[in-house]
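The letter at position 89 of the sequence shown is residue 146 when you use the numbering used here, and the numbering goes up by one with no holes.
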Amino acid sequence: VTSFLNNYLACKKRVDKQECIAEIIDVVRSSGGHFLKEDKAAKQWYDMGDKAAASKIGHCLRDRKSEHCCLLVEKSVKVKQSFRKARMTAKKKDDDEREQEVLDFD
């Protein structure tokens, strides 16, 4: 599912997102995979079907999307902090140089 995240993120319309999810189901099924659910009473696993699988995949992609967005925000904050720190360091250096010039002038 993670490998399809970028495709899913690029989808703007619900129909496009549903097509992306259907593609994931097709890839899994065509490679011999199944979407299983456990029947705890019978202690057996059964194929949940495409509709339930689509729902689960959609939830997974939305969860990953929010994680992805949180990481982007976190990276953005770190970048802003490092730019701010660099700017403050440069400003302090400029201030120190100006102060030294004043002292040298006296």
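Glycine included, each C-beta is placed from N, C-alpha and C at the ideal position.
Task: Distance, Leu62 Cα to Gly90 Cα - done: 19 Å
TODO: From the DSSP output, in three-state form, read off Leu129 for me.
DONE: With a pLDDT of 47 at Leu129, under the threshold of 50, the modelled position of that residue is not reliable, and the figure given next carries that caveat. Reduced to three states, the DSSP call for Leu129 is helix.
Open item on the list: Suppose only complete runs of 4+ residues qualify. What are the alpha helix (DSSP H) ranges in the segment 69-123, listed by chain order?
Closed with: 71-87
Task: Ser123 versus Asp83: straight-line alpha-carbon distance, rounded - done: 25 Å
TODO: Determine the direct distance from the alpha carbon of Lys150 to that of Asn121, and round the result to whole angstroms.
DONE: In the sequence as displayed, the identity of residue 121 is Arg instead of Asn. Going by the C-alpha atoms only, they are around 43 Å apart.
Open item on the list: Taking a contact to mean a Cβ-Cβ separation below 8 Å, would you say Ile78 touches Gly115 in this structure?
Closed with: yes
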